[in-house]
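> Got a structure for you, written out below as structure tokens; questions coming shortly.
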């Protein structure tokens, strides 16, 4: 019958360790040895005062001795015989292992970290425990992996574990991470300190690139602050308050849903749009071979800052973008007839040449006045002073020439071959477009015909489908905009809302210019998306931009002002001014002459 040990074998008893340290050692050729038999007797007397009485007790003594001696720095057992030792002292000894210094541990850690990639999905570094122990054995003793014994590994573990813990590393028996390839092996793990400068740079770029999802922006920030595989931050190394502070410094805040970011709005005066319109109208314009009267984005923002008395720190990049895309700058640009989306152009292509290349706002309607001479019918060329097309869809086309040539080209357009090429682009004619033909005879005897898409006419248009507006540039808002929009949508609208609806439609991409693929006459495509227009009206009423009974839209008076650059009719289109005016007027009713 075996007895219970006085001290648990699994407990590292300081008194027993102190007793083992008092045992005499033997030095041979600078190596130190401890008698294994003496160590066994010391441990047995401590654990089993009544004596070892079973195999289990003996096994407990040997395991405890090996563990404690390893802590004292003694490793493998060797047998010493005469003449190395006197005959009476022959037997098994434990040889003391070489000392492992902090320098050895630090060198081994740096070596292991240098060859282990950062592939955890959380902001931590991790390394296998065995990898570090083997590297320490090589750095301290010059022993390679295959030569390291289990006893030496146990000794190194006793040295490494507290040393790593003191430096912020946590010992885990298993590491649960989808990218960790050694989940069943013990590993050291340490939380990473975020690189806050890299985090800020990444957030600035992500927000500038248009990312607004909070989850996406946070992941981009975590990858920059820690490493590219980081996806979550369960320990909140970057606290929620710090995220909010960073977003606020960049000019953003969480929206009502808490899932997306939006620019922090500025407190602006009621007449902000009018002020900006006045400031922008005084700016110098730039010309390009393809575009006229462009405004430099940098100058627009500088004029806005001055007109609204804003300081540079308040007008962050996020707020600048918000002002241009949906704010008072965008409203002013639309009111002045410009696009609110800039294009980049080099300085040497502009007149006058600016100081440097940059972004420029171009006119929404760039009317080309050159008359084209298509030949839809082989051998019969006609004059075409005006064409409006939506991509390749025919919206409006004028044909002028001898009667035979006009008739032949008209028939060719509506014949079996329905795709043609004119003015550098395709032109498709389809029966579904419901083309109407306006006809008249000029005093010289030539025919002047115009083809119109059914969605350009108030009477023939189909509700809830995109419709078209022809534009000579006489005003910012084409006269038929509101009547056709009211007919296209099911919800009730008031005529006094036309300015607000036009501006918001332009800013939200519901109204797009067709001038790039056209000549002689401008045009617009208006989307009939009921839900989006309903949201425009709801927001306008909520923000008091419109009301039932009277319009209170900011900048509305400017859009109707005689000082507006688009207030005068476009002149200089050869032979097409009166015809275009006539076509615009007739677009309000169905005119079919067969």
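In my numbering, the protein residues as written are 890 to 1483. C-beta atoms are modelled at their ideal positions from N, C-alpha and C, and glycine is treated no differently. Since we're looking at a predicted model, the values are computed, not measured.
#1: Enumerated in chain order, which unbroken segments of the alpha helix (DSSP H) with a length of 4 residues or greater are wholly contained in the stretch 1398-1434?
#2: Is it buried or exposed for residue 1267, if we count other Cβ within 10 angstroms and need 16 for buried?
#3: So, using beta-carbon positions, are residue 1169 and residue 1225 closer together than 7 Å?
#4: Measuring straight from C-alpha to C-alpha, what distance separates residue 1392 and residue 1200?
#5: Buried or exposed: where does residue 967 fall if 16 or more other Cβ atoms within 10 Å of its Cβ makes it buried?
#6: Which residues mark the beginning and the end of the beta strand (DSSP E) in which residue 1374 is found?
#7: In terms of residue numbering, what span does the beta strand (DSSP E) encompassing residue 1277 cover?
#8: Any idea what DSSP makes of residue 988, helix, strand or coil?
#9: Should residue 1237 go down as buried or exposed, given a rule of 16 or more other Cβ atoms within 10 Å for buried?
#10: Among all the DSSP beta bridges, which residues are the ones paired with residue 1250?
#11: Whole angstroms are fine: how far does the CA of residue 983 sit from the CA of residue 907?
#12: Am I right that residue 1367 and residue 1358 are in contact with their C-beta atoms under 8 Å? What's the rounded C-beta distance?
#13: DSSP state of residue 1077, grouped into three classes?
#14: Could you give the first and the last residue of the continuous alpha helix (DSSP H) run that contains residue 1051?
#15: Between residue 1074 and the rest of its own chain, which residues show a CB-CB distance below 6 Å, the 5 nearest in sequence each way excluded?
#16: Give the DSSP bridge partners of residue 1269, in chain order.
#17: May I have a chain-ordered list of the alpha helix (DSSP H) segments no shorter than 4 residues that lie completely inside the stretch 1139-1192?
#18: Going by C-alpha distance, which of 1293, 1362 and 1301 is nearest residue 1336?
#19: So, at 6 Å on beta carbons, what are the nonlocal neighbours of residue 1277 in its own chain, with the 5 sequence-adjacent residues on each side left out?
#20: Compare the Cα-Cα distances from residue 1060 to each of 1067, 1049 and 1355 and report the closest residue.
#21: What is the DSSP secondary structure of residue 1071, reduced to helix, strand or coil?
#22: Using alpha carbons as the reference points, say which of 999, 1438 and 926 lies closest to residue 969.
#23: Might you give, ordered along the chain, the residues of its own chain that have their beta carbon closer than 8 Å to the beta carbon of residue 920, omitting 5 neighbours on each side?
#24: Express the C-alpha separation of residue 931 and residue 975 in angstroms, rounding to a whole number.
#25: Would you kindly work out how many angstroms separate the C-alpha atoms of residue 1341 and residue 1206, rounded to a whole number?
#26: Does the beta carbon of residue 1401 sit closer than 7 Å to a beta carbon anywhere in chain B?
#27: In angstroms, rounded to a whole number, what distance separates the CA positions of residue 1303 and residue 1222?
#28: Take the Cβ of residue 1310 as the centre, count every other Cβ of all protein chains shown within 10 Å, and call the residue buried at 16 or more, exposed below.
Concretely, from the data shown:
#1: 1419-1431
#2: With fewer than 16 Cβ atoms within 10 Å of its Cβ, residue 1267 is classed as exposed.
#3: yes
#4: 27 Å
#5: exposed
#6: No beta strand (DSSP E) contains residue 1374, which is instead part of the alpha helix (DSSP H) from 1370-1377.
#7: 1276-1279
#8: coil
#9: exposed
#10: Its beta-bridge partners are 1184.
#11: 17 Å
#12: 4 Å
#13: strand
#14: 1039-1055
#15: 1017
#16: 1266
#17: 1161-1170
#18: 1293
#19: 1284, 1285, 1403, 1407, 1410 and 1412
#20: 1049
#21: Coil.
#22: Cα-wise, what sits closest to residue 969 is 926.
#23: 984 and 985
#24: 22 Å
#25: 44 Å
#26: Protein chains in the displayed structure number just one, and chain B is not present.
#27: 40 Å
#28: exposed
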